[in-house]
Structure formats: C-alpha cells, structure tokens
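Each residue of the sequence shown is one higher than the one before, counting from 994 in the working numbering. Ideal Cβ placement from N, Cα and C applies to all residues, glycine included.
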Amino acid sequence: MYTIIAALIAIGLIFSLFKTFDTRLLEEVEKNLTIENEYYKTSISSQLEKKSEIINNLSTYMESKRQIDYDELLDYMKAMLNKNSNIESIYFGSTDNLLVNGSGWIPPEDFDLRTRPWYVKAINHGKLVITDVFLNATSEKYIITIAKPVYSNNGQVIGVLGADLSLDSIVDLISVQDDSYGEFFILNEEFELIAKSRTQDDGKPILEDTSLKISSNISSIGTSVAEATLNNEKGYVSISHIDGTNLYVGVFNSIGSENYYDTQWKNILIISVIFLVGLLLIMFLIQNKIIIKPAYTLENDIKQISITDNINYRLEELKRDPFENIRKTVNARLAQTEIYFRDLLESKDELESSNEELVAAMNQLKAYQEEIEQNQNDLLESKLLLEKSQKRNAAIINVLPDIIFMYDSKGVFIDCQTNDEAGLVLSKDLFIGKNISEVMPLDISEKAIISITKTIATGQLQKFEYNINIDGSERTYESRMVKSNDNEVLAISRDITSEKQEQEYILKLTYKDQLTGLYNRRYYEEQIEKLSRSEFLPLAIIMVDVNGLKLTNDAFGHHIGDELLKKVAKNLISCDSKGGFACRVGGDEFLMVFPNTDEKEAEYIVDKLYELVSAEKLENIVISISAGWQVRTDVSQSIRDTLIKAENHMFRKKIVESQSMRNQTVNIIMQTLNEKNEREKRHSVEVAKLAKEIGVSMGLSVQKVKEIELAGLLHDIGKIAIKEDILNKPGKLTEEEYDEIKRHPESGYHILKSVDEYSSLAQCVLEHHERFDGKGYPKGIKGSQISLIARIIAVADAFEAMIAQRPYRKSLTEEMAIEEIKKNSNTQFDPEVVTAFLKIFDKS
994 MYTIIAALIA IGLIFSLFKT FDTRLLEEVE KNLTIENEYY KTSISSQLEK
1044 KSEIINNLST YMESKRQIDY DELLDYMKAM LNKNSNIESI YFGSTDNLLV
1094 NGSGWIPPED FDLRTRPWYV KAINHGKLVI TDVFLNATSE KYIITIAKPV
1144 YSNNGQVIGV LGADLSLDSI VDLISVQDDS YGEFFILNEE FELIAKSRTQ
1194 DDGKPILEDT SLKISSNISS IGTSVAEATL NNEKGYVSIS HIDGTNLYVG
1244 VFNSIGSENY YDTQWKNILI ISVIFLVGLL LIMFLIQNKI IIKPAYTLEN
1294 DIKQISITDN INYRLEELKR DPFENIRKTV NARLAQTEIY FRDLLESKDE
1344 LESSNEELVA AMNQLKAYQE EIEQNQNDLL ESKLLLEKSQ KRNAAIINVL
1394 PDIIFMYDSK GVFIDCQTND EAGLVLSKDL FIGKNISEVM PLDISEKAII
1444 SITKTIATGQ LQKFEYNINI DGSERTYESR MVKSNDNEVL AISRDITSEK
1494 QEQEYILKLT YKDQLTGLYN RRYYEEQIEK LSRSEFLPLA IIMVDVNGLK
1544 LTNDAFGHHI GDELLKKVAK NLISCDSKGG FACRVGGDEF LMVFPNTDEK
1594 EAEYIVDKLY ELVSAEKLEN IVISISAGWQ VRTDVSQSIR DTLIKAENHM
1644 FRKKIVESQS MRNQTVNIIM QTLNEKNERE KRHSVEVAKL AKEIGVSMGL
1694 SVQKVKEIEL AGLLHDIGKI AIKEDILNKP GKLTEEEYDE IKRHPESGYH
1744 ILKSVDEYSS LAQCVLEHHE RFDGKGYPKG IKGSQISLIA RIIAVADAFE
1794 AMIAQRPYRK SLTEEMAIEE IKKNSNTQFD PEVVTAFLKI FDKS
C-alpha cells in the first residue's frame, strides 16, 4: 500500500517538475533574447552617434569660419568618406540652393534641395536630426540621413549638413565586430525587412505568421518577445524601437526542443527516483514508530514480570498503543496471580521483618558513607573545572586584541583584563574602584555613563566610539557594552584606528584616478556645483586632450601610452594655482578648473602648459596636447555651456595640432623600427625599390609609382608593435609567435589610417599579405578585391624575403626565387603583376 502511495506521489512530482522546467526555460529564453536585443539596439545607436559626431564636428568647423571655402569643404568631405566606408555621401546645402556633395553627385537644374526631407526636418527642428529610412533609387540600398543646420556668426541659418548612411553597412560592421550573439535584422515602421545580419540566408523567410502579434505588442509596451519561425525552425523573436528613428531592431533565437526534453526527462527521472526512495524510507520510519517499536516495548515490559521481585508490577497501558488490549489482558492475569501469592508471602514477611530493620540500618550507614565520598569527589571535580575555566579565560584574553572592563551601575571600575597594558591610560591598580569620570576625559566618561545606564535599563547591546591620546599617539577605540547581571556591565574596547584609516583611504580612492593620481570625473561633478556660486567668478574651465594617444598605444604599446598620460598629468599639476584643480574625465581628456581667473590668466595658464609639455621627453615619443578654454563671467551663464565652448575651442585647435603630431609620430616609428632591426630597414628599402620597378614595368603613372614606392617603405611599419625578442629571434618562430607577427598588417593599418598624409596607403599596408586566391590574411579577400599596390608589394616582399639571408634558413638564388614567383602566379600572386615583375629580369 505504501509503495502505491509513493508511486502516485512520484507521478504527480514528474508532471509538476516538467511544467516547472518548461516554464523556467521560456523565462530564460526571454531574458537572454531581451539582453541580446538590447545589445544590438545599443550597437546601432552607437554607430548612429559616431556618425552624428562627424556631422557635429564638421558643423562646428564650418561655424568657426568667417567665410566658407567650398573647395576646402569638399576636400574635407571626401576625406571623411574615405575614412568611413559605411557613409554613402556627405553634403552641404545652402539656403540659396547650392549643393556641395563629397560623393561627386551633381543635381539636375530643377533640383531644389530646400524641399528635401532632410533639409526641411533639420531646419524645422533647429538641431541634429535623423530622417526616416528610404530606398535609394540609384544604389537600391536602404538609407537614413543625419542632418544638422549650420549657423553663421550672427546666428542665421546658412544651410544644412547631411550624411547618408547605408543600413546594410552598419549591420555588416556590427556583425564583423561581434558575432557572439545570434541573428538580427532591421525592420521599418510597417515591419518590413530592410537589413539583416550576414548569417541569414537570402530568400528564406525571417518571420512567419507573427507580424500582427509583434506589431500589437510593440504598440502597447514598446518591446516584445514573441514566438516565431525562422528557416522552418521554431524559436522566439524580440523586436524593439531604435530611439530617434522609425526603425526597429529584431533578434531571433531557436530552442532545441528535442535535446532539451531528453535532458529534462532524465533530470526528472533522477529526482523522482530520489524522492521515491526518500518517501519509502519515511514510510518505513513511520511503520517502525507505529508497529515495530511498540512491539519491542511490549516485549520488554513483559520481560519485567517477576513474581518474586515485584508482585505488584503491571504493564503500562499506553494511549494509542496497537497492543492496548493485550496489555489489559496480561494485567488482569497478573492481578489474579498477585492474590494467590500474597497469601503465601504474608508468613514469610513476618519472619523477615525483624531482619529487614537491621539490614535497613546497615544500608542507611552505607548510604551516608557513599554520600560523603561523592561530595568529596564533586568538590575535587569542581576545583579542577574552576582551574580549567580560569586557564581558558586567560587564554581567550591573551588572544583577543581587546580590553575588557567590568563596571557597576554607577560607572565604577570593578575589573579589567587585557593582554597588553600598554593600551591602558593608567595601570589597573590606579583606576580599579574609581568612577570612570575620575579616570577618563569628560566627553568619553559622559558617553560611557549614558551607555551603562541604557544597557542596564534595556538589556540591549550599546556601543560608541571615542578618541584618546596614548603615549603621544591619537587612537580611536570602539566600546561595546552588554548587561552582565542586574547591577553590572561588561564592556569590550577595541582599537579601530587602522580600520578608520583604511576607510578614509578608500574614500580618497573614490575621488582619484588610479593611473595619473589626478581627481576623477566624480570629484569634478561634485566640486563644479560648489564653484557655480558668484563668489568664484570669473571661473575658467580649460579642456585638454592628448593628441595621438591611440596611435601611441597601437605603435608602442599601452604601457607607453600610460606613461604619456602620466607625463601630461604631472604638468597639469604644475599649472595648478589659485585654488583650482585638475582631473581626468576620459581616456585622453583632462579638465582644469580655476576660480577667480579671468580670460587673460586662463590664456597664460594654457601657454604655460604648452611650454611645459613641449619640454617633456618620453623615449622617442612626440608628446602633444590640444587645449581650449572658456571663462564664465556671470551666474546666468550655464557651466555646461561654458564647458562645451571650451571643448569646441579645444577641437578647433586639435584639427591643426593633432595631424602635425601624427606625421611626426609616423616618422619616429619608422626610425625606431629601423634602429631596432637593421635587417627590417634593408628589407623595406629593397621592397620599395623593387615595387617601384614593377609599377614602372606596368606602365603606371609617375604619381602612382611614387605611392607604390612609399607604400613599400611603410609596408612593415606595424612591426613596431611586435616584441623585439620575436622580431630578432634567430631560430624558427613558434605558432604563437607567428600569430603575433601576422598581426602587423592590422597594426600598420591603424597607424597610417590616423594620419591624413598616409591614410591612402593604409589599405595597401593592410592587404599586402592577402593572396590572389583568397587564402591570405588578415581578411581573406581575393583577386581584384585586393588593392593593386598591395598586390605589387606582395610580389616584391616575397621575392626580397626569399633572396635575403635569414639566421634560421639559407637564402635562395635570384633564379630560384623567380621560379617560385612563377610557380605561385594566379594562386599567391596576381598574374598581371608577375608578368611585369618578370619583364624587369628579362631586360637585365
């Protein structure tokens, strides 16, 4: 019966667990899908913010000009398009219908740009806006436009800046940057698919029969997680609105139902077996208590029956005992037996009565003797326990770092225990028996008396802190008091000076930047509110940006970049005066705030800062900053506006100063690389020379040949980021070392891309280890996808490497190297470039 009950309970448990596991799975899927959706939504918004920053910087640049040079503006737009491949076009439309377009598109004569949606929306809002998505008729791409009005010095609108962004390029960029999540896509406001991640197959449906449900959910709560089907696989889709646009981002995740349910059933089976075994065990224990144990008890009670020892003995009749009737029957038989034997025992009792009195007296005497012996043993044991307790208490006191006091209800010292009397103001002999007010300072004794009174009255723990001078050192103590009995209090005082000092140190860290030692943004935000009052006017705010920090990190490593930041921070501190402060508010951005500092003084501080920084040295690194300032002269002026103006001032200076610094840095990188490895210097020179000859052999223009030669000199500039012991290793490289070497095209790309003078060569340097058949690195592109200059450098680089002497292998002869070039034509190398290369040696 018990087994049947346990089985029924286990079946119920199985269905309950299945339902619970299924519910938790759905909750987990929805949670993960919402996080994934938020990630892609944030990534898309971040891309839009970065492109908006380009338009903001360009409008700031234009507004800083008294008169716009449209040729210079056109060159700037083209440069921005070269740097940002996912921007389709950058353009400016003036109020008199003049269009400057970086992509080169020329409008028809009857084209009125002032009627275009991007122009109208930017003018109406008076700020940077993002238009609704539209399908570009020329490129057949879905486009959104970022637009912002541009104002003259007198605040009049002179036109609108715009930039067209391809949604496909934004999605591809996010897919390349991070593929750790699943598939995602972008919908318009009608929930039509307009862009999707690369992992999805073209021509297959994104959603089936869920658009209406998703639409209603989004209109009611903003974000939805709903059931959906992708490529005939069931799962869940999450769609949410992208702020500031008419777009929605969606993500899809499937649930592997079959594997999930197999695992679920296994887990449920294991839990159910464990539960069933436990239930049977419980039932066995209940049976033991109800039947088996009472039976054993009855058996033991029956064994106690003895006519000679106890004729009055009866079985105890227990309530709720399953053998209650048996006990009553036995007791009835015992009663009859007692009557029979009582008559027999009466005569025996009379004969033994006189003897019993004598035996009783002897037993009483023996009991007295045993009691005396027991009292002696108890007294000895108590003495031993007392000595053991005293030793244990002494050990505890020796271990504790605390001082233990005993007070009476009036604050008189009754006792004191400590393992180090150096922590006492007076020795114990001088204050035991005295009131605390006679020993301790007034402020401490008052706190102690109040705590003693509360402890005795409430019986609750009381504590307070106090400072006291011991041997010329200010120490902080915490006193805790508990009630010992009705009129006594036990107090423990602990030295917490170190803990207090650590708390103060931690508080200090919350306001300091760990790398530079300057104040951080939190400190700035707290202090700037205090400095907003009129008594601190004029208030100067100086914005400082370290030029080329990323370039320095890419080329020389983050440890050098950190040293660069420390150098700049040191000089910011040197310029600190008049109660101002300097703080680090970003990776390469610093702020200096000076109260009661006018425009002339602020300019002097900036000039001094430039002078100090220019005198700094850090190996061969160029240390350069850009600084801008603004002075707040009236409380009606917003501090935020003052900061923005200082930042704009700094950006205008950075446009000029940063490029000069980057040009110098590239030259220093090449010089440093050549100094680190003479072999690399010879290699670059020989590759540049041979690449130039190939370009001439191909009949390219003089200007193109010069580009090829310069690219040959710079093609290995990324090796500056490689450890010197790997670069100069005499033996063969390990797999890990070779992987580090293979990163140099990307390092070189990042270095050259940041310098306008060399940015056109960055792509060539990135691709010079790509193969014509697509098996190269880092991108694995092939054929004409590889730039022509990179294909030329690939041949020159390989040939020079084969004929050059290496410590770990012998060089090849020119004839052997030429044969290798021929053999790898149309696989590793472009056959057209190989033909031009062979012409050079045919002539010679």
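CA-to-CA distance, residue j to residue i, given in whole angstroms
i: K1803; j: K1697; result: 35 Å
i: S1213; j: I1235; result: In this prediction, S1213 has a pLDDT of 45, which is less than 50 and means its spatial position is unreliable; what the coordinates show is noted afterwards. Distance between the alpha carbons of S1213 and I1235: 16 Å.
i: V1775; j: G1769; result: Inspection of the sequence shows that residue 1775 is occupied by Lys rather than by Val. Cα-Cα distance, rounded: 8 Å.
i: D1581; j: R1515; result: 17 Å
i: E1119; j: I1521; result: For the record, residue 1119 in the displayed sequence is Gly; it is not Glu. For G1119 and I1521, the distance between alpha carbons rounds to 29 Å.
i: S1036; j: D1165; result: 12 Å
i: I1425; j: V1418; result: 12 Å
i: I1187; j: S1777; result: 29 Å
i: K1395; j: L1454; result: Contrary to the premise, residue 1395 reads as Asp rather than Lys in this sequence. Going by the C-alpha atoms only, they are around 17 Å apart.
i: Y1517; j: F1583; result: 11 Å
i: T1851; j: Q1496; result: Beyond the ends of the chain as shown, which are 994 and 1837, falls residue 1851; an answer cannot be given.
i: T1727; j: L1683; result: 30 Å
i: T1016; j: K1024; result: 12 Å
i: L1378; j: I1437; result: 39 Å
i: Q1367; j: N1293; result: 33 Å
i: L1262; j: T1290; result: 40 Å
i: I1285; j: L1483; result: 54 Å
i: T1626; j: Y1603; result: 25 Å
i: E1065; j: T1131; result: 27 Å
Proximity of residue i and residue j at Cβ, strictly below 7 Å
i: H1708; j: I1786; result: yes
i: D1555; j: L1508; result: yes
i: M1070; j: I1061; result: no
i: E1471; j: I1449; result: no
i: I1137; j: V1126; result: yes
i: G1404; j: I1461; result: no
i: E1702; j: K1685; result: yes
i: L1706; j: S1752; result: no
i: V1093; j: Y1054; result: no
i: S1607; j: K1647; result: no
i: E1813; j: E1679; result: no
i: S1057; j: R1764; result: no
i: N1641; j: L1605; result: no
i: G1182; j: N1239; result: Checking the sequence, you will find Glu at residue 1182 rather than Gly. Yes.
i: R1473; j: I1485; result: yes
Chain-order list of residues whose beta-carbon lies under 7 Å from that of residue i (same chain, five-residue window excluded)
i: I1048; result: L1121, I1139, K1141, L1154 and A1156
i: I1407; result: M1399, Y1400, D1401 and E1481
i: S1740; result: D1547, G1711 and A1714
i: K1034; result: S1233, I1235 and V1242
i: K1493; result: T1469
i: I1116; result: P1142, V1150 and V1153
Cβ neighbour criterion (16 or more within 10 Å) applied to residue i
i: P1824; result: exposed
i: I1713; result: buried
i: K1523; result: exposed
i: K1699; result: exposed
i: Q1821; result: buried
i: Q1623; result: buried
i: Q1369; result: exposed
i: S1190; result: buried
i: Y1731; result: exposed
i: E1096; result: Sequence check: residue 1096 is Ser here, not Glu. So S1096 ends up on the exposed side.
i: V1561; result: buried
Beta carbon proximity, residue i to chain B, threshold 7 Å
i: R1736; result: Protein chain content of the structure displayed is limited to a single chain, and chain B is not contained in it.
Cβ shell of residue i (< 6 Å), same chain only, five flanking positions each side left out
i: R1320; result: L1308 and E1310
i: A1829; result: I1687, S1690 and M1691
i: G1767; result: G1773 and K1775
i: I1167; result: S1036
Nonlocal neighbours in the same chain, by C-beta distance under 8 Å from residue i, ignoring five residues either side
i: P1434; result: I1461
Contiguous alpha helix (DSSP H) assignments of at least 4 residues, all confined to the segment 1080 to 1146: 1110 to 1118
Starting from the N-terminal side, write out each stretch of the beta strand (DSSP E) that is 3 residues or longer and does not extend beyond the segment 1023 to 1049. none
Taking the runs of the alpha helix (DSSP H) that are 4 residues or longer, which of them lie wholly in the segment 1657 to 1738? 1671 to 1690, 1695 to 1707, 1717 to 1720 and 1728 to 1734
Ignoring anything shorter than 3 residues or poking outside the segment 1524 to 1599, list the beta strand (DSSP E) runs there in chain order. 1532 to 1539, 1574 to 1577 and 1582 to 1587
Suppose only complete runs of 4+ residues qualify. What are the alpha helix (DSSP H) ranges in the segment 1443 to 1491, listed by chain order? none
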